[in-house]
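Read the structure below first, then the notes.
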Amino acid sequence: MGIDCSQLGKALIIRRDGTRKLLSLEETIQLCNESLNSGKAFHEILKRTEPNLKVIRFIQDGNDEDNTE
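Once you know that position 43 of the sequence shown is 43 in full-length UniProt numbering, the rest is easy, because the numbers rise by one and skip nothing.
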């Protein structure tokens, strides 16, 4: 049994400079599926568009207090 990408929630990207970006559930699912299909880690896929990536947090609905961009 594999990972169900829809259960991850939204991905909160925290960059090295401290700025944050909250990805939509659809964006998170798309990245997760790309990661599974390519065999690459989620953060490796994400670093193509977010080269200053420091931390990824997954946020479930109702727990989005970190929704800052």
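Beta carbons: idealized from backbone N, C-alpha and C, even for Gly.
**OP:** With DSSP as the reference, label I56 as helix, strand or coil.
**Re:** Position 56 of the sequence shown, counting from 1, holds the residue named residue 56. Secondary structure at I56: strand, using DSSP grouped into helix, strand and coil.
**OP:** Go through its chain and collect everything with a Cβ distance to E69's Cβ below 6 Å, but skip five positions before and after it.
**Re:** Taking the sequence shown and counting its residues from 1, the one referred to as residue 69 is at position 69. Per-residue confidence for E69 stands at a pLDDT of 49, beneath the threshold of 50, marking its modelled position as unreliable; the derived number appears in the next sentence. Once the five neighbours on either side are set aside, the close Cβ partners of E69 are K21.
**OP:** Could you check the C-alpha separation between H43 and Q30 for me, to the nearest Å?
**Re:** The sequence position of residue 43 within the sequence shown is 43, counting from 1. The sequence position of residue 30 within the sequence shown is 30, counting from 1. Going from the Cα of H43 to the Cα of Q30 covers about 13 Å.
**OP:** In the DSSP assignment, find the beta strand (DSSP E) that holds A12 and state where it starts and stops.
**Re:** To locate residue 12, count along the sequence shown from 1; it is residue 12. Reading off the sequence shown, one finds Leu at residue 12, where the question assumed Ala. Unbroken beta strand (DSSP E) run through L12: 10 to 15.
Subject >> Enclosing alpha helix (DSSP H) for L31 [first to last residue] >> reply: What you label residue 31 is simply residue 31 of the sequence shown in a count that begins at 1. 25 to 38 is the extent of the alpha helix (DSSP H) around L31.
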